[in-house]
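Engineer:
There are 4 protein chains.
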Amino acid sequence: MKLGHECGLFGVHGDPEAVAMVYHGLQVLQHRGQEGAGIASTWGGVIRHHAAPGLVTQAFSDPAVLERIRNPIAIGHVRYATTGGSLDPTNVQPLLARFAGGPVALAHNGDLTNKAALRAELEAAGALFQSTMDSETVLHLLARSGETEVEQGLRRVLPRLEGAYCLLMLVSGKLVALRDPLGFRPLYLARRGRAWMVASEDAAFHLWDGIEDVREIEPGEMVVIDERGPTSLRFAAPRARIARCIFETIYFARPDSHLFGRNVHLTRVAFGHRLAREHPVPADIVSAVPDSGNSASIGYSRESGIPLDRAFIKNHYVGRTFITPGQEARQVKVRMKLAAVREVVEGKRVVVVDDSIIRGTTSSSRIAALRQAGAREVHLRISCPPTRHPCFFGIDFPTPDELIAANMSVEETARFVGADTLGYLSEEGLVACVEGARDTWCLACFDGDYPAPTPGDFLSGDSPPPA
Amino acid sequence: MKLGHECGLFGVHGDPEAVAMVYHGLQVLQHRGQEGAGIASTWGGVIRHHAAPGLVTQAFSDPAVLERIRNPIAIGHVRYATTGGSLDPTNVQPLLARFAGGPVALAHNGDLTNKAALRAELEAAGALFQSTMDSETVLHLLARSGETEVEQGLRRVLPRLEGAYCLLMLVSGKLVALRDPLGFRPLYLARRGRAWMVASEDAAFHLWDGIEDVREIEPGEMVVIDERGPTSLRFAAPRARIARCIFETIYFARPDSHLFGRNVHLTRVAFGHRLAREHPVPADIVSAVPDSGNSASIGYSRESGIPLDRAFIKNHYVGRTFITPGQEARQVKVRMKLAAVREVVEGKRVVVVDDSIIRGTTSSSRIAALRQAGAREVHLRISCPPTRHPCFFGIDFPTPDELIAANMSVEETARFVGADTLGYLSEEGLVACVEGARDTWCLACFDGDYPAPTPGDFLSGDSPPPA
Amino acid sequence: MKLGHECGLFGVHGDPEAVAMVYHGLQVLQHRGQEGAGIASTWGGVIRHHAAPGLVTQAFSDPAVLERIRNPIAIGHVRYATTGGSLDPTNVQPLLARFAGGPVALAHNGDLTNKAALRAELEAAGALFQSTMDSETVLHLLARSGETEVEQGLRRVLPRLEGAYCLLMLVSGKLVALRDPLGFRPLYLARRGRAWMVASEDAAFHLWDGIEDVREIEPGEMVVIDERGPTSLRFAAPRARIARCIFETIYFARPDSHLFGRNVHLTRVAFGHRLAREHPVPADIVSAVPDSGNSASIGYSRESGIPLDRAFIKNHYVGRTFITPGQEARQVKVRMKLAAVREVVEGKRVVVVDDSIIRGTTSSSRIAALRQAGAREVHLRISCPPTRHPCFFGIDFPTPDELIAANMSVEETARFVGADTLGYLSEEGLVACVEGARDTWCLACFDGDYPAPTPGDFLSGDSPPPA
Amino acid sequence: MKLGHECGLFGVHGDPEAVAMVYHGLQVLQHRGQEGAGIASTWGGVIRHHAAPGLVTQAFSDPAVLERIRNPIAIGHVRYATTGGSLDPTNVQPLLARFAGGPVALAHNGDLTNKAALRAELEAAGALFQSTMDSETVLHLLARSGETEVEQGLRRVLPRLEGAYCLLMLVSGKLVALRDPLGFRPLYLARRGRAWMVASEDAAFHLWDGIEDVREIEPGEMVVIDERGPTSLRFAAPRARIARCIFETIYFARPDSHLFGRNVHLTRVAFGHRLAREHPVPADIVSAVPDSGNSASIGYSRESGIPLDRAFIKNHYVGRTFITPGQEARQVKVRMKLAAVREVVEGKRVVVVDDSIIRGTTSSSRIAALRQAGAREVHLRISCPPTRHPCFFGIDFPTPDELIAANMSVEETARFVGADTLGYLSEEGLVACVEGARDTWCLACFDGDYPAPTPGDFLSGDSPPPA
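Chains as they are written, first to last, in our numbering: chain A, 1 to 467; chain B, 1 to 467; chain C, 1 to 467; chain D, 1 to 467.
#1: Can you tell me the Cα-Cα spacing of E221 (chain B) and A288 (chain B), whole angstroms?
#2: Considering only residues of the same chain and omitting the five flanking positions on each side of T57 (chain A), which have a CB-CB separation below 8 Å?
#3: Taking only beta-carbon atoms, is P103 (chain A) less than 8 Å away from chain C?
#4: Can you give the Cα-Cα distance for L430 (chain B) and R371 (chain B), rounded to whole angstroms?
#5: Look up L422 (chain C) in the DSSP assignment and give the residues it is bridged to.
#6: Which of the three DSSP states is assigned to F458 (chain B) in this structure?
#7: What does M251 (chain B) touch in chain D if you count any residue whose Cβ is under 9 Å from its own?
#8: Check the Cβ of A127 (chain C) against every Cβ in chain D and list those closer than 7 Å, keeping chain order.
#9: At a Cβ threshold of 8 Å, is A406 (chain A) touching chain G?
#10: Can you name the residues that DSSP bridges to E216 (chain A)?
#11: Are the beta-carbon atoms of R376 (chain D) and R349 (chain D) separated by less than 8 Å?
#12: Give the DSSP-derived three-state secondary structure of M197 (chain B) in the structure shown.
#13: Tell me the DSSP secondary structure of L122 (chain A) in three-state form.
#14: So that I know if they touch, is there some Cβ in chain C lying closer than 8 Å to that of V22 (chain A)?
#15: So the alpha helix (DSSP H) C433 (chain D) belongs to, where does it begin and stop?
#16: Roughly how many angstroms separate the alpha carbons of G38 (chain B) and R185 (chain A), rounded to a whole number?
#17: Can you look up H316 (chain D) in the DSSP assignment and give me helix, strand or coil?
#18: Alpha carbon to alpha carbon, how far is L128 (chain D) from S232 (chain C)? Give it in angstroms, no decimals.
#19: If we call anything under 8 Å between Cβ atoms a contact, is S131 (chain D) one with V150 (chain D)?
#20: Can you list the residues of chain D that N294 (chain B) reaches, using a CB-CB cut of under 8 Å?
#21: Under 9 Å between beta-carbons, which chain C residues line up against L139 (chain D)? List them in chain order, please.
#22: Under a Cβ-count criterion, where at least 16 other Cβ atoms within 10 Å of its own Cβ denotes burial, should D202 (chain A) be classed as buried or exposed?
#23: How would you write the range of the alpha helix (DSSP H) that T57 (chain C) sits in, first residue to last?
#24: Along chain A, which residues have their Cβ under 7 Å away from the Cβ of A100 (chain B)?
#25: If you measure from the CB of E278 (chain B), is any heavy atom of the ligand NAD nearer than 7 Å?
#26: Report buried or exposed for G146 (chain D), applying the criterion of at least 16 other Cβ atoms within 10 angstroms of its Cβ.
#27: Please report the residue range of the alpha helix (DSSP H) in which L26 (chain A) lies.
#28: So if I threshold CB-CB distances at 7 Å, which residues from the stretch 254 to 277 of chain A count as touching chain C?
#29: For a contact meaning CB atoms closer than 8 Å, what does A97 (chain B) contact in chain A?
#30: Short of 8 Å in beta carbon distance, which residues of its chain neighbour R244 (chain D), apart from the five on each side in sequence? Order them along the chain.
#31: Any C-beta of chain C sitting closer than 8 Å to the C-beta of G85 (chain D)?
#32: When the distance is taken between beta carbons, is H77 (chain D) closer than 8 Å to P94 (chain D)?
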């Protein structure tokens, strides 16, 4: 399974090597977006930047680029994009613009659900758009706020935004970091000596020694960092109902992140334990689909007592390979990335643990590989409930037509993917393993209960919603 | 001498190969700008574009790019830029943006003298700028005009603009071409079958057979080309005083262009005849500084009866060569581009004809080369008057401090460049050779009489001028 | 630990998509060399080729390149190189040359121990060398053999070679594959329909369905494949003493390869079992150093009953990152590639399983990371004996000065790397887990008993050894 | 007309900036080859080099490259190549190799007529060839000479070579420059302080001040430059019959070179005078085809009294432009490079002067352009005799089938190219304008009298000629 995400953020205020730190920090967050990377930095009223398609190491393959943009305040962004347009350099963040308050840079993780309505309204009022990214909307609103201080401007802009957003901004020597009132996406703050850092996941801080005061930026909180350190402002009152994305814990986040109150790896191990209790099966070995099922497979093995083994070998060197002529080219590509080990599975009853099933096609090919390698039985165990509803808050799910769980029962899905049995972790089981009550999480992709308006709510009639 | 110019324009409406035609047409106009090239094309509401630094053949080195943007309506732009920023891809035209009336592309030749004031006003009103080009101002004004039809929008925008501008625009299937009311820069229209073409110089049309109806677009005229052909509108009343840039004829334009009513080569030959009458001198040979003095040297030779020869050899292969270590590196670079032929000049009295003297340093090195090659006397003849005043209408002159004629008498200049005698063409002589009365030309670089407000006129106080 | 290897080979004879197959096959063998990749193909007396630095997908990033060299017979090579010269395109294989027998391409895995002597002899006889690769020596000897048939030529050349070599060659429509008489490096043959394939590891065959007749090419065997299929020739008599590199099984080969008679993953699991019996220790968890210790950690955990967990998270996205300024840059780089998970190890007694210790520096930083993450005890277990002697047969070991086991006792090494205890698998234990008697393996890096002359044996005196 | 030439050479011994000097010197010689450029330099037994396709400024676009190869002894080469293979980096000179005498670099201008025979002989003796350039043959012969001193080795090698060759070599701290016994191609020596320079044309020396002791290297002379300065050796006795290529004077050489005893520009002016006497015609203007006819047109105009004008404008910016779709694309490309000026030629009788006619197609399109621009009569005058025979000594003529003068009479040619009259300079006229007797020149392309064996002379039978 491969899902797209709307990015990772990393920022540093107050270190002469801020740009180099962002360069490294983004590499730790590379799993959040591999299509493009950018860094903007500032000092003395000038913003410098570089952004390009590809991995961080590809976008910044020339050390001279880092040197050219060397400044003590910097923000960076890794991007996932869904369309061919993703390689358009103008669609790589941070976004840059100049307004009455001077130059500004912005990096965005999330998805605004009222972006189309805002854009229509702005265009009607004479705004010129230069990219197709919804993040540009934020800059136009800020420019039109009439405020010269960014804090005041944002206080007027942010109530206009619906949906999921974590933002990092550079403006007039400040680094601004903020998180939407429902807190869909994670955002963390830390101190290192006199420098301050922000990151989508706290794992990125631990590249360096001397990290202190790590804390989550709260939903509805805006942190403004200047030379005196951070100042915390609230642009929205604390809410009882928040909506932390549980898919971050299930799938996206690094296992070594301590996300939303708990370590991701241990949480996933707990998913595996619970999954083994909910869906036991007699078998000879337990194996993960690497790397997505790695943590949960440990829990399943321990709980069930069935030995853990490695049924698949992953080839980490395979990058953007192209499909060559020949009818089997697609199959070749799949096998190149993940190969079954005949000697491990031949004649065996195999429990395969993965984190989710989206379309079902990847699971099918994995199970087919096990069968061809001689597995006697294949029992698929998934460490989350069936994903039946699209995400409008920053994860690039396919349409419901393509979501297999939206169209098939569990039994039908098992047949489709070729498993002897299939077990999903229950919603209750899932929530039991994470920190906080159910209404502090967004589980919309499982239960369809969206915690905020979705794009469809803004499409009634041709006119944009009243401001 | 090497002066910068703010570009060349070429557009085609109604030919399936419009993009390829623009690609070729821009190459004919390459002398008007070598720093960057771009093409935008449109069909069915979508605009495609490509722009990159370098010559046309460098910016479009991949045929697949032309194929990707293939459309029957296209405009293109070659750019000269004055700063290191010229290599910033975001500063290459045509500019693209999206406003309420849909996507728009714009290419600009000229210079707006009130650009700073307009920009300040727009930023105060919440406009986001993405480039440092004054041309972006036009798009912001158009977006804020509140008009959905481009003709109506431009009628409101253009009166706000001061200075020199020829514009090509693509918007909603139309190609719009217009020229400022004073007509500083040239712009031509032609028909080829059912297709229509516009170009900064008519020489570009003659790549193709079957060109008809070639005419100048008038000062203050806007030509809107759609599928029914061109419609001519006036956005400013005809004026008796217009201001055609005489430096186009003296220096910039191709010799085979028929500019402002007369062939450029023949006009320059006429300058040479007149120059020989105004500044005769006994000599053995007449030689041009190639290629800038080529045409005028023919006139001087014919009028004076002194034989024409080639005292210099130009190396057309030398492009962007870098200066290597060593004290003589700069001299080496000059000699590499232009070498004197000892056997031609040794012991001779040489009349050297060039089109202008700007800083005087190039003339110095040319004359020094002739002396080292043994010339007995060197008489420099310039086919225009002394250039004493900067240009604010599209030519990148140095500051008055650097203009030698603004700081030295003719005799001092002759001594500075090392000439035995120096003669400039008189203003009267110049005007006598071109078409139309003196008040139809801009001669501000010679006489300081600017035909329109200059940037200094907009700098009184912090507030922008009243709209 | 990161050791260099002298490459991977893949070849196909008799499939119209042979080049595409080699492209994919080399990706499966990418772990054997990441510095450069090349493919040569042939048909009708012409050899086409492409080779470039980088991964296979980087060296062949343009599909047009594969199309340009499309031919039904092809060989390919992935290369590891030890020096900065590795990026020199002239040092990428396959090597190409033209001799009396026509064009020839050659790819080489291994290391000739008498290469310096051969080169000196050839230069003295007027040979011109164009690369610094020892493989070029083979071509010169072939050209000078006076034979027009490659089989006859090789029969005269191969006895001159000392050391380790697997060779693939294209010459006059044939694909020749051969392995040195001691069989240091692996080489496999397979059939797919009418096509024949050769590969350094059999795992590469299994990208495709319908693979049959997989077998090892024997030490001293030359397989010549033409349109009638393969012909097996012996260029050296079978020997009782052969010298299969046991480090291929310990470290280099893919876990899903079936190398030297046994599956690599299962063999490594067996190493782990044995290691647990030889070096038991009370502990809370067992963890691999990913990915090198993955298989052995499973065996250790099963044998000891200590639960398996994941103490480290590997970042697979980090490629060639450069070191940025700042004193901690190197530590940042190490942590970016592998991070300890605090919640897994804090307060725990941890058994860490890895496959080898070379310099000890990597183990040190791994153990330091565990300590910083709060591990109470760290017990390092290595699934091979101490590596005390350099390899001259194709693995790029550091010099003895740098091999920690050549300079320290086990106790000293444990202190150096910061482990509470350190246990190496014994030589007896190692040999007990693999197929065949001890004298069919090269264990020189452990016991110093080299099965063939080493470079030092050819340096006595200035004259080359008698031919 | 565009003919290919086998290159230009430039070398410097004894200046710390030798590499930079070669970089600049090659740019002066760029007209001799535009397909590739390379420089090799040496100091202390090591040779450094860089070579790449394109112009000198493209091949050396990175100043760091010049810095990397900075050494006080250097040679360089600009290359023209006839096939698509020209972009193969392995076919760019200087060639590098290592033989028993150490590293050697070689640059070659000319063409060996017995190259195929030599190559066959060497391959039969076991030589490995790595390029397709005949120059590699020289290195193989040198390596096999058994001599350790390059002077001795070359004395044995050079008598084996037939045809045209100027060679520059770097070996063991020496720069060797030599010219074949018939002296087909030019080669010059000069001193500047303690440094010595060699160049294909003396014009390249005049980038610098202080040039002294300029002289031609004699046919059959080898100049060996070491730290004590140059030593002149003869490897072949002086001959009465030498064979200086008269096409160098007619077409290739720079007008400011003083080649084979006389300035090239003045010689071409003399050709024009003579041509006017041999082929007078009543006309209104004389015009060159720029730049090839520039010098001769001056002579024609002066002798005939018909005024000189510029009927064509050349676009120096058009480089490698590609042909876009559409039937007229080729015509567009021709016009883009050279445009006729209507106002100059309309209704006029025009004498057009060019230096040669090869295929006739270029002349046709030039004359067609004049007709379309309204010329009443077009009289073509060519400053050399009809070229009827191919060149085997370094100029890349088309085959006789394509040489129009080999297949048509003068009258037929005039009709083919569309001229009212056509006049060629006679052989007598040509020889009368140059220095030295007719038998000191090669006029084989005009009279078919080849002064040395041609490749056909070495093709009798399958066996190579006796050594």
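Even glycine gets a Cβ: it sits at the ideal position worked out from N, Cα and C. No experiment lies behind these values; they were computed from the predicted model shown.
Structural biologist: Based on what the coordinates show:
#1: 38 Å
#2: Q27
#3: no
#4: 30 Å
#5: Answer is C:L380.
#6: Three-state DSSP puts F458 (chain B) in a helix.
#7: Note that residue 251 (chain B) corresponds to Tyr in the displayed sequence, not to Met. In chain order: nothing, as chain D lies at least about 15 Å away.
#8: A143
#9: Considering every chain present, this structure includes no chain G. Its protein chains are A, B, C and D.
#10: Listed as beta-bridge partners of E216 (chain A) by DSSP are A:Y188.
#11: yes
#12: strand
#13: helix
#14: no
#15: E427 to C433
#16: 40 Å
#17: In the structure shown, H316 (chain D) falls within a coil segment according to DSSP collapsed to helix, strand and coil.
#18: 28 Å
#19: no
#20: Within 8 Å Cβ-Cβ: R310.
#21: Within chain C, the residues near L139 (chain D) are L128.
#22: Counting Cβ neighbours within 10 Å, D202 (chain A) comes out buried, since at least 16 surround it.
#23: Run containing T57 (chain C): V56 to A59, per the alpha helix (DSSP H) assignment.
#24: E123 and A124
#25: Among the ligands in the structure shown, none appear at all, so the ligand NAD cannot be discussed.
#26: exposed
#27: A18 to V28
#28: R254, P255, D256, N263, H265 and L266
#29: By Cβ distance, chain A contributes L128, F129 and Q130.
#30: G183, F184, P186, F260, G436, T440, W441 and C442
#31: Per-residue confidence for G85 (chain D) stands at a pLDDT of 37, beneath the threshold of 50, marking its modelled position as unreliable; no derived number is given.
#32: For P94 (chain D) and H77 (chain D), yes; Cβs fall inside 8 Å.
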